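Peer 1: Have a look at this one.
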Amino acid sequence: MIYLISAGLISLGFGLMLLLYSPVCKMVCRTCDQVVFDLDKFTAGYRNIFGGLLILVTIIIGSVAVLTPQTPQLHLFWVVSLVFGLFFILLPKQLAKLSLAANRMVFDTESSVAAYCRTVAVVLLLAGVYILYIAYAFAGR
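Under numbering that gives the first Met the number 0, the sequence shown has 31 at position 32, and the numbering climbs by one with no breaks.
Next up, the structure:
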């Protein structure tokens with residue numbers, strides 16, 4: 000129940016913020032869009048350590064996955080950890096290319112929200128009211 004109330008209040012809060020303080024929101028978005036540091040350059044000297052740690056995580060998660068057959072989703076985690084660990088150790092240049100490809104913006108949500116600021120605000124307000132109504136209805140049972 001607390002999750003529904005929290006989600007409703009957050010939705011109402013963001014809706015009111017977008018509706019009443021849209022210039023302030025745009026200024027905060029511009030400020031937050033600045034690059035603080037480049038993670039690829041920061042971690043370049045530690046790629047072998049990260050790869051080794053990911054291989055260690057692979058061993059731990061893989062052994063837990065084998066010992067507990069009721070959690071088949073763990074196999075996905077150790078496979079992903081193994082792939083990225085091997086990327087860090089064996090193919091660091093391809094990992095950098097993969098990082099650059101992932102950094103490209105596929106869909107710029109910020110400009111869309113800025114363009115339809117009032118519409119998004121009204122949708123968030125309506126969603127918040129609906130979620131709080133559902134929480135109230137469930138509390139009455």
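Ideal Cβ positions, reconstructed from N, Cα and C, are used throughout, including at glycine.
This structure is a prediction, so every number in the text was calculated from the model and none was measured.
#1: When you compare the CB positions of residue 94 and residue 86, do they come within less than 8 Å of one another, or not?
#2: Can the beta-carbon of residue 82 be found less than 8 Å from the beta-carbon of residue 73?
#3: Pick helix, strand or coil for residue 93, following the three-state DSSP scheme.
#4: How would you call residue 97, buried or exposed, if buried means at least 16 neighbouring beta carbons within 10 angstroms?
#5: Give a yes or no on whether the C-beta atoms belonging to residue 88 and residue 50 are separated by under 8 Å.
#6: Which runs of the alpha helix (DSSP H) fall wholly inside the segment 23-56 and span at least 4 residues, in chain order?
#7: For residue 24, count neighbouring C-beta atoms within 10 Å of its own C-beta (all shown protein chains included) and say buried if the count is 16 or more, exposed if not.
#8: Check the C-beta distance from residue 127 over to residue 7 and give it rounded, since I have them as a contact under 8 Å.
#9: Roughly how many angstroms separate the alpha carbons of residue 90 and residue 33, rounded to a whole number?
#10: Hey, would you say residue 0 sits closer than 8 Å to residue 134, going by beta carbons?
#11: Hey, could you find the ends of the alpha helix (DSSP H) residue 129 is sitting in?
#12: Ends of the alpha helix (DSSP H) at residue 141?
#13: So residue 130 packs on residue 3, CB below 8 Å; how close in whole Å?
Peer 2: In short:
#1: In this structure, residue 86 lies closer than 8 Å to residue 94 by Cβ.
#2: no
#3: helix
#4: exposed
#5: A Cβ-Cβ contact shorter than 8 Å links residue 88 with residue 50.
#6: 38-42
#7: buried
#8: 5 Å
#9: 29 Å
#10: Yes, the pair counts as a contact, with Cβ atoms nearer than the cut-off.
#11: Start and end: 116-138.
#12: Nothing about residue 141 can be read from this structure; the chain reaches only from 0 to 140.
#13: Between residue 130 and residue 3 a beta carbon distance of about 6 Å is seen, short of the 8 Å cut, so the two are scored as contacting.
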